[in-house]
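For reference, the structure is listed below as structure tokens.
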């Protein structure tokens, strides 16, 4: 698994994070994000209602950098 892919909005690198259940990709240039919640609707709703929570989850190490 790679820790980078190209952003569909601006073409720059997106960085991948996971908690072994969810997968999120963040573009720190334009703010675009994408991912998979694996049918966890609570997580899906949380991230879509307040996308800044992604940065909080990363800073608290709930989401770890993909390797």
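In our numbering, the protein residues as written are 1027 to 1093.
For glycine and all other residues, C-beta sits at the position ideal for the given N, C-alpha and C.
In the DSSP assignment, residue 1082 falls within the alpha helix (DSSP H) that extends over 1079 to 1085. Contact between residue 1043 and residue 1091 holds, with the beta-carbon distance rounding to 6 Å and staying under 8 Å. Residue 1069 is classed as buried because its beta carbon has at least 16 other beta carbons within 10 Å across all chains shown. Secondary structure within the stretch 1032 to 1085: the alpha helix (DSSP H) runs of 4 or more consecutive residues, fully enclosed, are 1067 to 1075, 1079 to 1085 (chain order). Burial is judged here by how many other beta carbons sit within 10 angstroms of a residue's own beta carbon; residue 1036 has fewer than 16 and is exposed.
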